[in-house]
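**Q** With UniProt numbering applied, the sequence shown covers 1 to 201. Yeah, the Cβ is synthetic: ideal placement off N, Cα and C, and Gly gets one too.
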Amino acid sequence: MKVIGLTGGIASGKSTVSGILREKGAYIIDADEISKALVEPGKPAYLEIVKHFGQEILNEDGSLRRKKLGRIVFADKEKLALLNKITHPKIIEEIKRRLEEAANRNENVVVIDAALLIELGLYKMVDEVWLVTIDEKTQLERLLKRDSFLEEKEAKDRIRAQMPQEEKVKYATRIINNSGDFSQLLKQVEDYWRELVESKN
Ligand SMILES: CC(C)(COP(=O)(O)OP(=O)(O)OC[C@H]1O[C@@H](n2cnc3c(N)ncnc32)[C@H](O)[C@@H]1O)[C@@H](O)C(=O)NCCC(=O)NCCS
Ligand SMILES: Nc1ncnc2c1ncn2[C@@H]1O[C@H](COP(=O)(O)OP(=O)(O)OP(=O)(O)O)[C@@H](O)[C@H]1O
1 MKVIGLTGGI ASGKSTVSGI LREKGAYIID ADEISKALVE PGKPAYLEIV
51 KHFGQEILNE DGSLRRKKLG RIVFADKEKL ALLNKITHPK IIEEIKRRLE
101 EAANRNENVV VIDAALLIEL GLYKMVDEVW LVTIDEKTQL ERLLKRDSFL
151 EEKEAKDRIR AQMPQEEKVK YATRIINNSG DFSQLLKQVE DYWRELVESK
201 N
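(1) Assess, as a yes-or-no matter, whether the region 32 to 45 is touched by the region 71 to 91 under the definition of 3 or more beta carbon pairs within less than 8 Å.
(2) Keeping to the same chain, check which residues put their C-beta closer than 6 Å to that of G8; ignore five residues upstream and five downstream.
(3) Is it right to say D30 is buried, meaning 16 or more other beta carbons lie within 10 angstroms of its own, or is it exposed?
(4) Does the region 108 to 122 come into contact with the region 15 to 34, if we say contact requires no fewer than three beta-carbon pairs (one atom in each stretch) closer than 8 Å?
(5) Find out if the Cβ-Cβ distance for the pair Y192, A102 is shorter than 8 Å.
(6) Mark F182 as exposed unless 16 or more other C-beta atoms lie within 10 angstroms of its C-beta, in which case mark it buried.
(7) Among G62, K137, M1, R22, which residue has its Cα nearest to the Cα of S12?
(8) Does DSSP put L64 in a helix, in a strand, or in coil?
(9) By how many angstroms is the C-alpha of F149 removed from the C-alpha of K170?
(10) Considering only DSSP beta bridges, list what E128 is partnered with.
(11) For L186, count neighbouring C-beta atoms within 10 Å of its own C-beta (all shown protein chains included) and say buried if the count is 16 or more, exposed if not.
(12) Assuming V17 contacts I176 (C-beta within less than 8 Å), just tell me the rounded distance between them.
(13) Among residues of its own chain, excluding the 5 on either side of M163, which ones have a beta-carbon nearer than 7 Å to its beta-carbon?
(14) Could you check the C-alpha separation between S165 and D135 for me, to the nearest Å?
(15) Does DSSP put L150 in a helix, in a strand, or in coil?
(16) Mind checking whether I57 and L69 have CB atoms under 8 Å apart?
(17) Whole angstroms is fine: what's the gap from I49's alpha carbon to K79's?
(18) Identify every residue that forms a DSSP beta bridge with D135.
(19) Who are the near neighbours of A161 in its chain, counting only those whose CB is closer than 7 Å to its CB and skipping five residues on each side?
(20) Would you kindly work out how many angstroms separate the C-alpha atoms of K112 and S179, rounded to a whole number?
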């Protein structure tokens, strides 16, 4: 089994790349999906978050007001660190569990799609680190277009809350430049996929 760690800044295009890799037959472990499931009402991370951030981050039905919590934590380093302390050990644990499950099922290629692959130390568990890069202007434009509820300042806060791209480059074994259009992205991913599959034989 080959394990690829797929990372990159917010709105760089990781989910778009993992969608392409899924089509090719890779098994995807999505850290955002895992982190969403952890904070559903009644889950351990949910209770801790409510304890620390208060009832005001809940909707009437008890579910988490994600946008509101995002506004709070991405504007305040200490609050983000607190949220990370609650959620990150549980995210890492679940990713490890899914990796074991994939190995037991004899999956050929597994992709861990995680914005925080490097920060969480997950890069140590993978065979290759694929980094999706993007120029700053395009990143901000795509983020604002996708998450239209964000003010420009909030979008910049989210970008700044992450490790700078030039730092991430140091950990990358493959770089996918996504400042261009979709066909340019597809070509790079297909070339890397071909090399990966050929190197396995
Ligand atoms: C703060 C929350 C509630 C905001 O929710 P929202 O639905 O608006 O965003 P979503 O979860 O879809 O995340 C969107 C993107 O934000 C970035 N991001 C999310 N959490 C973080 C974080 N802790 N640090 C830096 N960037 C982050 C990632 O690029 C992610 O892909 C949510 O992101 C969260 O619970 N984050 C903590 C868990 C975490 O670290 N998740 C990322 C795992 S890789
Ligand atoms: N080459 C491209 N051309 C135009 N739009 C693109 C391209 N690649 C991705 N996008 C769009 O940019 C946005 C961000 O892409 P995507 O959601 O894949 O990023 P991500 O890295 O997974 O983000 P996050 O870290 O927030 O999960 C999406 O709306 C996506 O459709």
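**A** Working from what's here:
(1) yes
(2) K14, L131, V132
(3) buried
(4) yes
(5) no
(6) exposed
(7) K137
(8) strand
(9) 33 Å
(10) I4
(11) exposed
(12) 6 Å
(13) I118, E119
(14) One point to set straight first is that residue 165 is Gln, not Ser, in the sequence displayed. Straight-line Cα distance between these residues: approximately 9 Å.
(15) coil
(16) yes
(17) 11 Å
(18) Paired residues: none, contrary to the question.
(19) F74, L80
(20) Residue 112 is actually Ile in this sequence, not Lys. Going from the Cα of I112 to the Cα of S179 covers about 22 Å.
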